[in-house]
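Notes for the one structure printed next.
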Amino acid sequence: MDKLHSTFLLQTLLAFFTPCLLEFTSADVRSVRPGENITLPCNITDYPEISWYRLRSDEVKLLVSAEEWKLRKTYYPSYKVNESHINVAESRGSVSLVITGVRETDLGFYYCCGGRTDATHTQFGKPIRLNFTGFFKSSLLQIISADYKSVHPGENITLHCNITNYSEIFWYRLRSEELEHLLSAERTKLDKDSYLVVYNVDESHFDVPDSSSSVSLVIIGVREADLGFYYCGGRNDATHTQFGKHIRLNFT
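The following block contains the structure:
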């Protein structure tokens, strides 16, 4: 199977690094809010092996491969780059890609492809471009209504989240139209009054204080790159994410 992965990846690299304008302009666009789940359908059907790739900043990454179980005519994943973040769902003789808790690093172009063990040809499906929904584009109303926080360079600051009593809490920063996922925390099952950090983009720079109802964001040694708009969001078992009041961080 490793040999097959290498063959698929080589073919993918050759195809992806000679992209034409038509491929990108004709891509299906899917929008999602940070932290939500999304399913990307594959229009390639009836292949014994189906794989999914992501193209982002000229980097091609194999995300998942699935093989058909002939006895039951179903697919089972033979490779997944991240068990907790990437999954598959069988649909009409093909394999859809399920992304759990979409973050900024998931944005880009997605391709599925079908292959056969007895042939070198790989069939690629229609590209899908994944973006964050326009909800996160800063508007005049957002700027006016945002809470302002000022800090001296090098100081620490705690940003409070007004979203409470959610099983998952996220923090994001919007700066120069670039949205970055900073932190995710989940309510612990044994102790419903505490949260466990499951993702931190920089543990030496971001932290969370103990809290029973929400998750504040602590920025250690604020620098110029930290300035911008901050959002927290909360989610329970449903896919909908509730976002809190925006915070604008400036130097004093």
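With the sequence shown counted from 1, adding 47 to any position gets you the working numbering.
Quick reminder that beta carbons are idealized off the backbone N, C-alpha and C, glycines included.
A check of alpha carbon separations from Lys120 across Val255, Arg150, Thr92 and Leu237 identifies Thr92 as the nearest. With contacts defined by Cβ atoms closer than 8 Å, Leu177 and Leu229 do not form a contacting pair. C-alpha of Thr211 to C-alpha of His293: approximately 15 Å in a straight line. Excluding its 5 nearest sequence neighbours in each direction, His132 has C-beta neighbours in its own chain below 6 Å: Thr147, listed in chain order. Taken through DSSP and simplified to helix, strand or coil, Glu250 comes out as coil. Going by DSSP, Asp75 is part of the beta strand (DSSP E) stretching over Asp75 to Val79. In chain order, Ser197, Val198 and His199 place their CB closer than 8 Å to the CB of Thr299, counting only its own chain and leaving out the 5 sequence neighbours on each side. For His228, the pairing in a beta bridge is given by DSSP as Tyr219. Comparing alpha carbon positions, the residue from Glu250, Asp273 and Thr235 closest to Leu243 is Thr235. Cβ contact annotation for Ser241 (same chain, cutoff 6 Å, sequence separation greater than five): Thr235, in chain order. Contact annotation, Phe276 with Leu221: C-beta distance approximately 4 Å; criterion of less than 8 Å satisfied. Beta bridge pairing from DSSP links Leu274 with no other residue. Non-local beta-carbon contacts of Asn209 in its own chain, meaning distances under 7 Å to residues more than five positions away in sequence, involve Gly291 and Lys292 in chain order. CA-CA distance, Gln289 to Ala136, rounds to 26 Å. Glu151 sits in a helix when the DSSP states are folded into three classes. Note on Asp153: 16 or more other CB atoms within 10 angstroms of its CB, so buried under the neighbour-count rule.
Secondary structure at Ala136: strand, using DSSP grouped into helix, strand and coil. Across the set Tyr122, Ser143 and Ala193, the C-alpha of Ser143 shows the shortest separation from the C-alpha of Gly172.
Excluding five sequence positions before and after Ala113, the CB atoms of its chain that fall closer than 6 Å to its own CB belong to Ile97, Tyr122, Pro124, Val135 and Val142, given in chain order.
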